[in-house]
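J.: The structure that follows is given in the form of structure tokens.
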Amino acid sequence: MLDHLLTGFATVLTPTNLLFCFFGVTMGTIIGVLPGVGPVAGTAMLVPFTFGMNATTAIIMLAGIYYGAMYGGSTTSILVNLPGESSSVMTCLDGYQMARKGRAGAALGIAAIGSFIAGTLSVLGLMLLAPPLAEFAIRFGPPEYFALMALGMTLVISLVGESMIKGLIAGAFGILLGTVGMDPTTGIERFSYGIPTLLDGLSFISVSVGLFAISEVLEMAEKVSAPPSYIDKISNLLPNKEDWKRSIFSILRGSAIGFFACSMPGAGATVASMLAYATEKKISKYPEKFGTGVIEGVAAPESANNAATGGAMIPLLVLGVPGSGTAAVMMGALLIHGMRPGPLLFEKHPDFFWAVTASMYIGNIMLLVLNLPFVGIWARMLKIPHSILIPLILAISTVGVFTVNNNLVEVWIMLFFGIIGYFMKKFGFPPAPVILALILTPLMENALQQSLQMSHGNFAIFFTRPISLILLSVAILSLASSLIKFLLATYKKSHR
Amino acid sequence: MKKGLISSSLVLIGLSLFGIIESSRLERTMKMGVGIAFFPLTMSISIGILSSILLWGIIKGKIPIKDKPLWQAGEGWRVLWVLIIFGMYVLLIEPIGYVLATFLFFVALVLFFRRGQIIKTILTSAACTFLLYTIFRLWLKSPLPISFLGI
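Chains as they are written, first to last, in this note's numbering: chain E, 1 to 496; chain P, 1001 to 1151.
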């Protein structure tokens, strides 16, 4: 393992990879700082710019954006009480109160250091867990893959969003979109209506930039407000002895919760940070003080959302099943670069996995350096008015999507899905299952066809193989439990 | 919000019917396996059933709905204008080239949000266009639409 890791470091420590790792974490921090632009939108917008790179450099950069956004999100939560992205919502509760009490420096410091420790621990966890899991998963055949993808999809659908039924509709819509273009087995075209661009299917970049970035811009356009005022007196970024004493175990607990929660598909960084905050409050000697500016309330959720990024790499890289919107975008990017995530990745491209792992260690150090002394610069980014930010995001998205096929049809598709995404958000339909389903459908369809060919058309193959049976049972259970919860809530409401 | 959700459910039911009709036109049988219409057909039917349940829940008041209008005063119009300006930009980008179209797009959108600051807007738009051109064309070598002017 150590040899592999050293080879990974050797790959990352080249000027190009270091530059793009730095670019990724810097862009991630900016995306995290700017309210409205989340990590999914940011990653999707920047995927087209990786086309000229090799797969390793591309994923090093995209992973940097992912964990960089988690770091950046805390800055606005603490200084403005405005979460840069959803996983930083919990940090607002105590972080902003600490800033109001003149302890913004300590809050930012513990957020950055906690994030660094959590990020590093989660990479360590990834390094230790991924190889044995890959060794186990290598035995998977098409039925197990089909069951695994079905499980990943159902977990994401049942855990994201406010309503199970809306999540299911979003997932089904995504699968329907995933069937556009040539059928992977027969080559017969479906729903392309003579449009050449659609023959290869809907590009996940156009759809994801539309659903996430354009829809966010349209939401931003509704209320063009003045840049928020923020607490700019930042001093003593290094936490004192008492702060350390109180937060070190919160950081460790938050790291464990974030890593393990996100190593299963479905529970994203937001869920992880909420779990970590709730745990801290529950075991605290003074739970009533949470929300008034206690340092544990910053340390735990910030550690959890950063540890989540390492955890999220496990289902993505080892099993080939992305567990969140950002991971789905990264999987799409990997497929574009000719890399099929899954256990075979370890066998065929071990250098790739270890380089990405090593880059996460280096990226975390870069982020610590970027976030502690330069926090004032990031906070100043909040002064960019929406009137500039809106055309800037639209123009960047246009170039990015145009470069997919050098074709404006992709830009129209992006705009179309931007409008759909805007209304989906308005009506509470989660967009993440759409992207996940869009990316997984061709792979799922292929696995289903191969499985049925193996069994001469008999569906029993999914229930006679133990791993497939277990995975499908968990998928059905997760759907059934959410459905029962929904029906119970409806029943209680109507009998109140 | 209730009317909006009802409309969205009806649109989804329409999408489901469209999917069912279109899927049934596809060849459904294969020697082994499930045929190319399996996924689109089952998903269209699922969307139809789920949207009907959603519609029923909304009408019967079983699904909680936020008691606020879809848009506050002027919000919907602002979104519509942004879409129109962006649509014009996409239409113009090939005939007049990336640089000019992007500059005009910035001017139009910034003026839309910050009326009356013409000089400041022009300077900001020129700076943003230059920045984007430098990053995408000169640094990343992205192929951008070029007009008869050569830019």
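Think of the CB as a built atom: it goes at the ideal place given N, C-alpha and C, for glycine as much as any other residue.
These figures come from a predicted structure and were not determined experimentally.
According to DSSP, simplified to helix, strand and coil, what is M182/E?
T.: In this structure, DSSP gives M182/E an extended state, which the three-state scheme calls strand.
J.: In whole angstroms, what separates the C-alpha of L1080/P from that of A256/E?
T.: Annotation: L1080/P to A256/E spans about 46 Å, alpha carbon to alpha carbon.
J.: What residue range does the alpha helix (DSSP H) around Y286/E cover?
T.: Neither: Y286/E is in no alpha helix (DSSP H) and is coded neither H nor E.
J.: With DSSP as the reference, identify every bridge partner of E189/E, one or two as the case may be.
T.: When beta bridges are read from the DSSP output, E189/E appears opposite M182/E.
J.: Using a Cβ-Cβ cut-off of 6 Å (strictly less than) and excluding sequence neighbours within five positions of P142/E, which residues of its own chain qualify?
T.: A447, Q450, S451
J.: Would you decide whether K426/E is buried or exposed? Buried here means 16 or more other CB atoms lie within 10 Å of its CB.
T.: buried
J.: Measure the C-alpha to C-alpha separation of L1091/P and L1132/P and round it to an integer number of angstroms.
T.: 19 Å
J.: Quick check on DSSP: helix, strand or coil for K383/E?
T.: Three-state result, K383/E: helix.
J.: Of the residues I470/E, F417/E, L2/E, which one's Cα is nearest the Cα of F212/E?
T.: F417/E
J.: With 7 Å as the C-beta to C-beta threshold (strictly closer), list the residues of the region 1008-1023 of chain P near chain E in chain order.
T.: Answer set for the region 1008-1023 of chain P: S1008, L1012, G1019, E1022.
J.: Assign L392/E to one of three DSSP states: helix, strand, or coil.
T.: helix
J.: Judging by CA-CA distance, which residue of K245/E, I251/E, A312/E is the nearest neighbour of F260/E?
T.: Of the candidates K245/E, I251/E, A312/E, the one whose C-alpha sits nearest the C-alpha of F260/E is A312/E.
J.: Since A304/E and S273/E should fall inside the 8 Å C-beta cutoff, what is the C-beta to C-beta distance between them, to a whole number of angstroms?
T.: 5 Å
J.: Taking C-beta to C-beta, are V209/E and V401/E nearer than 7 Å?
T.: yes
J.: List the residues of chain P that N240/E touches, going by C-beta distances under 9 Å, in chain order.
T.: By Cβ distance, chain P contributes nothing, its closest Cβ being about 42 Å from N240/E, past 9 Å.
J.: Using a Cβ-Cβ cut-off of 7 Å, state whether T1102/P counts as contacting chain E.
T.: The beta-carbon of T1102/P is placed less than 7 Å from the nearest beta-carbon of chain E.
J.: Would I1045/P and L1012/P qualify as a contact pair, given that the criterion is a beta-carbon distance under 7 Å?
T.: No; because the gap between Cβ atoms is not below 7 Å, this pair is not in contact.
J.: Quick check: the Cα distance between A111/E and K383/E, rounded to an integer number of angstroms?
T.: 22 Å
J.: Taking the C-alpha atoms as reference points, what is the distance between Y145/E and G105/E?
T.: 48 Å
J.: Using only CA atoms, which one of P433/E, T403/E, T464/E lies nearest to G52/E?
T.: Ranking the options by Cα distance to G52/E, first place goes to T403/E.
J.: Can you tell me whether DSSP reads R1114/P as helix, strand or coil?
T.: coil
J.: With a threshold of 16 other CB atoms inside 10 Å of the CB of R190/E, please say whether the residue is buried or exposed.
T.: buried
J.: How would you write the range of the alpha helix (DSSP H) that R1137/P sits in, first residue to last?
T.: Under the DSSP assignment, R1137/P falls outside any alpha helix (DSSP H); it carries neither an H nor an E label.
J.: So that I know if they touch, is there some Cβ in chain E lying closer than 7 Å to that of P1095/P?
T.: no
J.: In angstroms, rounded to a whole number, what distance separates the CA positions of L176/E and I435/E?
T.: 11 Å
J.: For L469/E, which residues in the same chain have their Cβ closer than 6 Å to its Cβ, ignoring the five residues on either side in sequence?
T.: If we look at L469/E and ignore the five residues flanking it on each side, its Cβ neighbours are F463.
J.: Keeping to the same chain, check which residues put their C-beta closer than 8 Å to that of A63/E; ignore five residues upstream and five downstream.
T.: Excluding sequence neighbours, A63/E sits near G24, T309, M313, M330, V356, S359, M360, G363.
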